[in-house]
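Heads up: the structure comes next, in structure tokens.
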Amino acid sequence: MRGICQMEESELIRKRKEKIAGIRAAGIDLYPNDARVKNTSTELKSRFGNMEQESLTQIQETFSLAGRLMAIRNFGKASFVSIQDRKGRLQAFIHKGLITEPHYALFKRLDVGDIVYVSGRIFKTKTGELTIEAQEIRLLAKSVHPLPEKWHGLTDVETRYRQRHLDLIMNPDVKEVFYMRSRIIKLIRDFMEERDFLEVETPMMQAQAGGATAKPFKTYHNALGMELYMRIAPELYLKRLVTGGLERVYEINRNFRNEGISTFHNPEFTMMEFYMAYATYEDLMDLTEELFIFIARNLFGVLQFTYQGTEIDLTAPWLRITVKEAIIQYMDVAPGVLDDQSQAVAFSRQLGLEVDEKEALGKILMIIFEEKVEKNLIQPTFVTQYPVEVSPLSRRNALNPNFTDRFELYICGKEIANAFSELNDPDDQRGRFLMQLREREAGNEEAHQMDEDYIRTLEYAMPPTAGEGIGIDRLVMLFTDSASIRDVILFPQLRARDE
RNA sequence: GGGACGUUAGCUCAGCUGGUAGAGCAGCGGACUUUUAAUCCGUUGGUCGCGGGUUCGAUUCCCGCACGUCCCA
-5 MRGICQMEES
5 ELIRKRKEKI
15 AGIRAAGIDL
25 YPNDARVKNT
35 STELKSRFGN
45 MEQESLTQIQ
55 ETFSLAGRLM
65 AIRNFGKASF
75 VSIQDRKGRL
85 QAFIHKGLIT
95 EPHYALFKRL
105 DVGDIVYVSG
115 RIFKTKTGEL
125 TIEAQEIRLL
135 AKSVHPLPEK
145 WHGLTDVETR
155 YRQRHLDLIM
165 NPDVKEVFYM
175 RSRIIKLIRD
185 FMEERDFLEV
195 ETPMMQAQAG
205 GATAKPFKTY
215 HNALGMELYM
225 RIAPELYLKR
235 LVTGGLERVY
245 EINRNFRNEG
255 ISTFHNPEFT
265 MMEFYMAYAT
275 YEDLMDLTEE
285 LFIFIARNLF
295 GVLQFTYQGT
305 EIDLTAPWLR
315 ITVKEAIIQY
325 MDVAPGVLDD
335 QSQAVAFSRQ
345 LGLEVDEKEA
355 LGKILMIIFE
365 EKVEKNLIQP
375 TFVTQYPVEV
385 SPLSRRNALN
395 PNFTDRFELY
405 ICGKEIANAF
415 SELNDPDDQR
425 GRFLMQLRER
435 EAGNEEAHQM
445 DEDYIRTLEY
455 AMPPTAGEGI
465 GIDRLVMLFT
475 DSASIRDVIL
485 FPQLRARDE
């Protein structure tokens, strides 16, 4: 990254350090901790922003504000400074005649980027801007490094991600995204609590990385002398809790998958998973619609919003379509082709897809779906009836046991949620794990492992249950119109840099 | 993993067919009592991502590497 290695030698830094030495020599604490801040920028603006200057002169009260000095506009004896706190910005007026000599001397030594405190009465300038008239100004923390340019700000994406503090200081929209993220997660919690779900936490470090098909990160516990895996999903633990009688549980937490990084993938990402006893995957489609609508209503007040230039409409009911129907709709293929393994191989090869001649029919369907269909699903769409081969933990459909009672939710061509009626027959579950083991032996590193402990849990009888996982980062991307997952994760994974 | 593009002052960016680098902002000095990208005058600041090669000479052309962005897998 530009500059960072030479920062020690930069002239700007040298000058700044000399200035700091001077302030120190004058006996001023560079990092005091005794300021008591009474007000915030937006609070003062909402209280006094609409009042006229004549009314403000009647107010004798003294207000105080602290934050980062973002601009200094100097006019000889008078100066205007812009102070940014967590809520926004407020201007302060510093006049040589209105503050003590030592305070003014200190003010002249301050730099943009410093953390300061001002207190004084409130007034409006002749341009109508609400301003604190400083009776006191203090330095609360001295900045050594200069801030990026005031007008263009910080745009270099690498610096924005590696030095997120700078991004947050310079780009108010970034702060807004993370306020939104927090609000969305709170709304989800409210929604789940309203429906009597219990929030729980299950292990991040697992002896076996189960509950999904993905490559895990491996770690080692010294005292136990055992290898552990960072979880790829909480699923099997949450279903143990349902078996234990908790019946409605959810967890919002991190999953870790040892895979590539893209605008939609970060190796650690946040997932909400929830399980609801005595419900089916169809119930969860209704619940998912309700949840998204609840969030949109609270955020926007309406169910229509724009994601990257595309108008999204969350008005229920959303389209519900099976995997096979979706392929037929978008690929113009005779239905029979998708029921016959060899015809399906031929068809996918026609489409230019690389498919092994002996590949299971269900896998072929998914390859076609993922390659050719997925990207077309712009408005919210539940894709249902996934092949049993790719759904080792899902309940079989009663009418067609080669498919499962499962759905994935697509919006803007991206998978946002994955849900199914849970497989609670321990014998069938064992058979599915054995099928996965064969795949693992055939070289599929992502295939699920045998989990005898989980099967034993099922043998105690898990109630009929439906469960779902919702990718929180992708959800936040959607609602904040963010193009990259890195824009909704404060510290996205980047390659380490040599210092 | 493959492809395209990028990396020049603290920040945002110019830099043409190769001749040892410019602007704006920031900084520093000065003027200024209501500005808000303040203004005006003056001025400092660069291992042109790193390493090779071609050349009398490379920020510029070629190769490799690093990091990043986007697209594809």
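Each residue of the first sequence is one higher than the one before, counting from -5 in my numbering.
Just so it is clear, CB atoms sit at the ideal spot from N, CA and C, and this is done for glycine as well.
In the structure shown, F211 adopts coil according to DSSP, grouped into three states. Membership of T459 in any alpha helix (DSSP H) is not indicated; the residue belongs instead to the beta strand (DSSP E) covering 459 to 465.
Inclusion of V377 and A338 in the CB contact set at 8 Å is not warranted, their separation being larger than that value. If the five residues before and after T207 are omitted, its C-beta is found closer than 7 Å to the C-beta atoms of E440, A441, H442, all from its own chain and listed in chain order. With a contact defined as Cβ atoms closer than 8 Å, Y223 and A460 miss out at about 26 Å. In the DSSP assignment, A60 falls within the unbroken beta strand (DSSP E) covering 57 to 69. Here K212 really is in contact with E221; their C-beta atoms are around 6 Å apart, less than 8 Å. In this structure, E433 and L387 do not form a Cβ contact; the two beta carbons are roughly 14 Å apart against a cut-off of 8 Å. A direct Cα-Cα distance of roughly 21 Å separates V482 from D184. Take I358, set aside five residues on each side of it, and the residues of its chain with a beta-carbon closer than 8 Å to its own are Q335, A338, V339, S342, V349, in chain order.
A Cβ-Cβ distance of about 6 Å is found for the pair R83 and S35, placing them in contact under the 8 Å criterion. The C-beta distance from A86 to T125 rounds to 6 Å, short enough to fall under 8 Å.
Between E55 and the set Y98, A290, I7, I116, the nearest pair of CA atoms involves I116.
With respect to the C-alpha of A99, the residue from I53, Y173, V171, K13 having the closest C-alpha is K13. When secondary structure is reduced to three states using DSSP, I93 falls in the coil class, being assigned neither helix nor strand. Annotation for M279: the continuous alpha helix (DSSP H) segment containing it runs 275 to 294. Just measuring C-alpha positions, the residue of N249, M266, S256 sitting nearest V243 is M266. Burial is judged here by how many other beta carbons sit within 10 angstroms of a residue's own beta carbon; W145 has fewer than 16 and is exposed. Per DSSP, D184 lies in no beta strand (DSSP E) segment; the continuous alpha helix (DSSP H) that holds it begins and ends at 166 to 188.
In the assembly as shown, G204 is a buried residue. Its beta-carbon has 16 or more other beta-carbons within 10 Å.
Cβ neighbours of D190 within its own chain (closer than 6 Å, five residues either side excluded): R242. Ranked by Cα distance from A201, the options H215, Q52, R314 are led by H215.
Residue pairing of M220 in beta bridges, as defined by DSSP: H215. Annotated three-state conformation of V31 is coil, per DSSP.
Straight-line spacing of the CA atoms in A290 and R400 works out to 25 Å. Contact check between the segment 471 to 488 and the segment 166 to 176: three or more CB pairs, one atom from each, fall below 8 Å, which counts as touching. Note that the C-beta distance between I287 and L297 is below 8 Å.
Under the DSSP assignment, S415 falls in the beta strand (DSSP E) whose first and last residues are 408 to 415. Residues of the same chain with a CB within less than 7 Å of the CB of S478, apart from the 5 flanking positions on each side, are T257 in chain order.
According to DSSP, L124 shares a beta bridge with K118.
Scanning its chain for C-beta atoms nearer than 7 Å, with the 5 sequence neighbours on each side dropped, one finds around Y155 the residues R480, P486, L488, in chain order. Per DSSP, the unbroken beta strand (DSSP E) holding R314 starts and ends at 313 to 316. Here the alpha carbon of G107 sits roughly 27 Å from the alpha carbon of K120. Judged by their CB atoms, N247 and P261 are not nearer to each other than the 8 Å cut-off.
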